[in-house]
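Residue numbers (UniProt numbering): 1 to 56. Glycine included, C-beta positions come from ideal geometry on N, C-alpha and C. The block underneath contains the structure these notes are about, expressed in structure tokens.
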């Protein structure tokens, strides 16, 4: 099967504009953001002493 010029882009465009694919990609994106936020939250704590001006 040989694709004409620009036909491959149209196939990808049509694929990524399907509602199910968009829902799946958005879900994965928000899950990654949530995991990153939880990972960063793990660095904070009450007794960590991360506040730079504790000695002043």
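Alpha carbon to alpha carbon, what distance is there between residue j and residue i?
{"i": "residue 12", "j": "residue 25", "result": "14 Å"}
{"i": "residue 23", "j": "residue 14", "result": "14 Å"}
{"i": "residue 33", "j": "residue 9", "result": "28 Å"}
For the alpha helix (DSSP H) containing residue i, name the first residue and the last one.
{"i": "residue 37", "result": "19-41"}
{"i": "residue 10", "result": "7-16"}
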